[in-house]
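Asks: Counting in our numbering, the sequence shown runs from 2 upward without gaps.
Backbone N, C-alpha and C fix where the C-beta goes; we use that ideal spot for every residue, glycine too.
This structure is in structure tokens; I'll ask about it shortly.
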Amino acid sequence: SWDLGIDKYYQGDINNVLCDINKNHKVVKKEFLREFTDVYDLTIEGTHNFALSAGIFVHNSIDGDPPAAQRYTECKLSKAGEELLMDIDKNTVDWGDNYDATRKEPLVLPSPLPNLLLNGSTGIAVGMATNIPPHNLTEVCQALIHLIDNPKAETEDLLEFIKGPDFPTRGIIFNQKDIVSAYSQGKGSFLMRAKVDIVEKDNKSQIIITEIPFQVDKSVLITSFANLVQLKKIEGIKDIRDESDKEGMRIAIDLQKGAIPKKVLNFLYKHTDLQKVYHLNMLALVDGIEPRILNLKDILELYLKHRQEVVVKRTTYDLEKAKERAHILEGISKALDKIDAVIETIRKSKDKEDAKENLVKKFKLTILQAEAILEIRLHQLAKLEKQKVEDELAEKRKEIKEYMKILESKAEQKKVMKKEIEKEVELYGDERRTKVVKSSPETISEEDLVPLEDTIVTLTYGGYIKRINPGEYKKQNRGGQGTVGIKTSEDDQVCHFISAK
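Structure follows, in structure tokens:
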């Protein structure tokens, strides 16, 4: 009931949460949360997902920018965020004490979508860690509908709909077999790469990066490129520029003349976060108690079980309200049949309590019906049209029949769930961002990473070989002292001196 839960938590007004305008963090009252910083910290916290909020704030910046100060930030729940609270005021979820037992809070939200899969989760606690990636809403909903229709479907079947993670930074995932293995076991890893194009123009080569792996800081990535060049660990890079703008990401790497783009790119893959391994670990608390590693089917099944409970509790609540309203309408209908006598009885009564008793005795009404009639002003009661009351009563009886049908049949409950899931796809469905490739990427061999440069190879009769950079040799002037290319033993000497690349 309102007294037990939502009224205290939201101060009697759910609009405290479902607000239509952005609220600046500096004006949030202490009556709602203990400190001003509580809301601000939640907004800028790294795991906070932007899909659930809207407004003016900076967090999860792809360049690692620090968040703006409190006086500059505003936020509210997004439309998708509001969906998480849908029907929370209809006794759909259980409530429990908050951390200091001063308030009641929902133990779980009645979300019409599996937020754990859609937005993912990352965290470490008491020797356990979870790392669940975000997924595409449309694909997850299609998998849910398939599982409702085919309860015996396995994870491999569900992966026909959910191709894998769908990251906000896009990128490319290689080797689909790794995804199947990880999602079947609830634990595993797979390879992510940036989306890269090699552009040839006017005898010049460029490496253009337009998408990067998940949780990679763009500015740190560019700095790592520059450090490799500065430390002379990579050759062939002439310039690095960040050309990103509102239209999207673009990192341009200009190559020197003669540099082989593929070799430069392979080196960057191996020594920077341009290529990264994502370690998936779908650990979650089941029923808020038991920590379990769940595979994809487990998560979807547990969500559907939760959602079915929400549908049943919501329908039960709506049924009780419909029955209550129908009961009141039946009383009003009785009163309208004898409206003059009802009005006369009310007028002759001493007070409201006396009028209630008289209506119950004289017209065979229940206390609830009598109270509802007395809440209507006399002039409004006289103007009530019998047909309108009968029409509303017929509508309520129809609703009661529908609610009873849902509660008595699991098949009907599944129909309701499917219909609501399809509606969410219409409202919030979008296209996949991250590309999944069935095959593995090209193997990066040590030979590919060796820079192309001039070298001098010296071989002795004794079998010793030495590679020397030509730069170690200096120009020999008359009367000068030469440079020793290789030291040999007394009984050994150089047999070959080769200049090569």
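Going straight from the alpha carbon of residue 374 to that of residue 315, what length do you get?
Replies: Taking the sequence shown and counting its residues from 1, the one referred to as residue 374 is at position 373. Taking the sequence shown and counting its residues from 1, the one referred to as residue 315 is at position 314. For residue 374 and residue 315, the distance between alpha carbons rounds to 28 angstroms.
Asks: Measuring CA to CA, which of 356, 63, 459 is closest to residue 247?
Replies: Residue mapping note: residue 247 aligns to position 246 of the sequence shown, counting from 1. Comparing Cα positions, the closest option is 63.
Asks: Looking at C-beta atoms only, is the number of pairs between the segment 299–307 and the segment 197–207 that lie closer than 8 angstroms three or more?
Replies: Between the segment 299–307 and the segment 197–207 there are fewer than three C-beta pairs closer than 8 angstroms, too few to call the two in contact.
Asks: Are there 16 or more other CB atoms within 10 angstroms of the CB of residue 376, so buried, or fewer, so exposed?
Replies: Position 375 of the sequence shown, counted from the start, is the residue given in the question as residue 376. Exposed.
Asks: Hey, how far is the Cα of residue 91 from the Cα of residue 72?
Replies: Here the question's residue 91 lines up with position 90 in the sequence shown. Here the question's residue 72 lines up with position 71 in the sequence shown. Looking at the two C-alpha atoms, the distance is approximately 36 angstroms.
Asks: Which runs of the beta strand (DSSP E) spanning at least 3 residues fall entirely within the segment 159–240, listed in chain order?
Replies: 173–175, 188–194, 196–202, 205–212
Asks: DSSP has residue 513 in a bridge; who is on the other side?
Replies: This structure cannot settle anything about residue 513, because the visible part of the chain is limited to 2 through 502.
Asks: Please name the residue, chosen from 100, 258, 280, 454, that lies closest to residue 189 on a Cα-to-Cα basis.
Replies: Within the sequence shown, residue 189 is the residue found at index 188, counting from 1. Selected option, being the one with the closest Cα: 280.
Asks: For residue 287, write down the residues that DSSP places opposite it in a beta bridge.
Replies: Reading the sequence shown from its first residue, position 286 is the one you call residue 287. Answer by DSSP bridge pairing, in chain order: 291.
Asks: Are residue 214 and residue 170 close, meaning C-beta to C-beta below 8 angstroms?
Replies: Translated into the one-based positions of the sequence shown, residue 214 becomes position 213. Translated into the one-based positions of the sequence shown, residue 170 becomes position 169. Yes. Within cutoff.
Asks: Would you identify the three-state DSSP class for residue 31, choosing helix, strand or coil?
Replies: Within the sequence shown, numbered from 1, the residue matching residue 31 stands at position 30. Because the pLDDT at residue 31 is just 46, under 50, the model does not fix this residue reliably, and the value given afterwards should be weighed accordingly. In this structure, residue 31 counts as coil in the three-state DSSP scheme.
Asks: Is any non-hydrogen atom of the ligand ADP found closer than 7 angstroms to the C-beta of residue 243, if you look at the structure I gave you?
Replies: Only the bare structure without any ligand can be found here, which leaves the ligand ADP out of the picture.
Asks: Roughly how many angstroms lie between the CA atoms of residue 402 and residue 123, to the nearest whole one?
Replies: Residue numbering aside, residue 402 sits at position 401 when the sequence shown is read from its first letter. Residue numbering aside, residue 123 sits at position 122 when the sequence shown is read from its first letter. Roughly 45 angstroms between the two C-alpha positions.
Asks: In angstroms with no decimal places, state the Cα-to-Cα distance between residue 510 and residue 266.
Replies: A question about residue 510 goes unanswered here, because the residues of the chain that appear run from 2 up to 502.
Asks: Between the C-alpha atoms of residue 395 and residue 289, what's the straight-line distance to the nearest angstrom?
Replies: Position 394 of the sequence shown, counted from the first residue, corresponds to residue 395. Position 288 of the sequence shown, counted from the first residue, corresponds to residue 289. The straight-line gap from Cα to Cα measures roughly 43 angstroms.
Asks: Report the three-state DSSP secondary structure of residue 70 (helix, strand or coil).
Replies: Here residue 70 corresponds to residue number 69 of the sequence shown, with the count starting at 1. Three-state result, residue 70: coil.
Asks: Can you tell me the Cα-Cα spacing of residue 320 and residue 113, whole angstroms?
Replies: In the sequence shown, the residue the question calls residue 320 occupies position 319. In the sequence shown, the residue the question calls residue 113 occupies position 112. If I take the Cα positions, the gap works out to 20 angstroms.
Asks: Pull up the distance between the alpha-carbon of residue 378 and that of residue 365, whole angstroms please.
Replies: Taking the sequence shown and counting its residues from 1, one reaches residue 378 at position 377. Taking the sequence shown and counting its residues from 1, one reaches residue 365 at position 364. Their Cα atoms are separated by approximately 21 angstroms.
Asks: Let me check one thing: in DSSP terms, what residues is residue 277 bridge-paired to?
Replies: By one-based count along the sequence shown, residue 277 stands at place 276. Answer is 193, bridged to residue 277.
Asks: Taking 7 angstroms as the limit between beta carbons, can you name the residues of its chain near residue 398, skipping five residues before and five after?
Replies: Taking the sequence shown and counting its residues from 1, the one referred to as residue 398 is at position 397. Only 327 meet the Cβ criterion.
Asks: Check this for me: beta carbons of residue 418 and residue 149, under 8 angstroms apart or not?
Replies: Taking the first residue of the sequence shown as position 1, residue 418 is located at position 417. Taking the first residue of the sequence shown as position 1, residue 149 is located at position 148. Cβ distance < 8 angstroms, so residue 418 and residue 149 count as in contact.
Asks: Let me confirm a value: residue 410 is counted as buried when at least 16 other C-beta atoms fall within 10 Å, else exposed. Which label applies?
Replies: As a position in the sequence shown, residue 410 is number 409, starting the count at 1. So residue 410 ends up on the exposed side.
Asks: In this structure, does DSSP put residue 458 in helix, strand or coil?
Replies: Taking the first residue of the sequence shown as position 1, residue 458 is located at position 457. Correct three-state label for residue 458: strand.
Asks: With a CB to CB cut of under 7 angstroms and the five nearest residues on each side skipped, what residues in its chain are close to residue 155?
Replies: Counting from 1 along the sequence shown, the entry for residue 155 is found at position 154. The answer, listed in chain order, is 298.
Asks: With DSSP as the reference, please indicate the residues paired to residue 268 in a beta bridge.
Replies: Position 267 of the sequence shown, counted from the first residue, corresponds to residue 268. According to DSSP, which records beta bridges pairwise, residue 268 is partnered with nothing at all.
Asks: If I measure Cβ to Cβ from residue 181 and keep anything under 7 angstroms in the same chain, skipping five residues before and after, which residues do I get?
Replies: For the purposes of this step, residue 181 is taken as the residue at position 180 of the sequence shown. The answer, listed in chain order, is 157, 160.
Asks: Can you check DSSP and say which residues form a bridge with residue 426?
Replies: To locate residue 426, count along the sequence shown from 1; it is residue 425. Answer is none; residue 426 lacks a bridge partner.
Asks: Taking the alpha carbon of residue 300 as the point to measure from, which residue in 89, 93, 116 has its own alpha carbon closest?
Replies: Within the sequence shown, numbered from 1, the residue matching residue 300 stands at position 299. The shortest C-alpha separation from residue 300 is found at 116.
Asks: In chain order, what residues of the same chain have a beta carbon less than 8 angstroms from the beta carbon of residue 383, not counting five sequence neighbours either side?
Replies: Against the sequence shown, residue 383 aligns to sequence position 382. Closer than 8 angstroms at Cβ, skipping near neighbours: 340, 344.
Asks: Confirm, please, whether the CB-CB distance from residue 295 to residue 187 is below 8 angstroms.
Replies: By 1-based counting over the sequence shown, the position of residue 187 is 186. By 1-based counting over the sequence shown, the position of residue 295 is 294. Yes, the pair counts as a contact, with Cβ atoms nearer than the cut-off.
Asks: Using 10 angstroms around the beta-carbon of residue 129, count the other beta-carbons present and answer buried if the total reaches 16, otherwise exposed.
Replies: Position 128 of the sequence shown, counted from the first residue, corresponds to residue 129. Answer is exposed; the Cβ neighbour count stays below 16.
Asks: Return the first residue and the last residue of the alpha helix (DSSP H) that residue 342 is part of.
Replies: Taking the first residue of the sequence shown as position 1, residue 342 is located at position 341. 340–349 is the extent of the alpha helix (DSSP H) around residue 342.
Asks: Distance, Cα to Cα, residue 3 vs residue 277?
Replies: The residue you call residue 3 lines up with position 2 of the sequence shown. The residue you call residue 277 lines up with position 276 of the sequence shown. Caution applies to residue 3, whose pLDDT of 43 falls short of 50 and renders its modelled position unreliable; the value that the coordinates give is listed next. Residue 3 and residue 277: Cα-Cα distance of roughly 49 angstroms.
Asks: In its own chain, which residues sit with a C-beta less than 8 angstroms from the C-beta of residue 367, not counting the 5 before and 5 after it?
Replies: Your numbering for residue 367 matches position 366 in the sequence shown. Cβ contact annotation for residue 367 (same chain, cutoff 8 angstroms, sequence separation greater than five): 328, 332, 361, in chain order.
Asks: Nearest to residue 258 by alpha carbon, out of 239, 273, 400?
Replies: Locating residue 258 in the sequence shown gives position 257, counting from the first residue. Taking only the C-alpha atoms, the option nearest residue 258 is 239.
Asks: Note down the Cα distance separating residue 349 from residue 342, rounded to an integer number of angstroms.
Replies: Locating residue 349 in the sequence shown gives position 348, where the first residue counts as 1. Locating residue 342 in the sequence shown gives position 341, where the first residue counts as 1. So the alpha carbons of these two residues sit roughly 11 angstroms apart.
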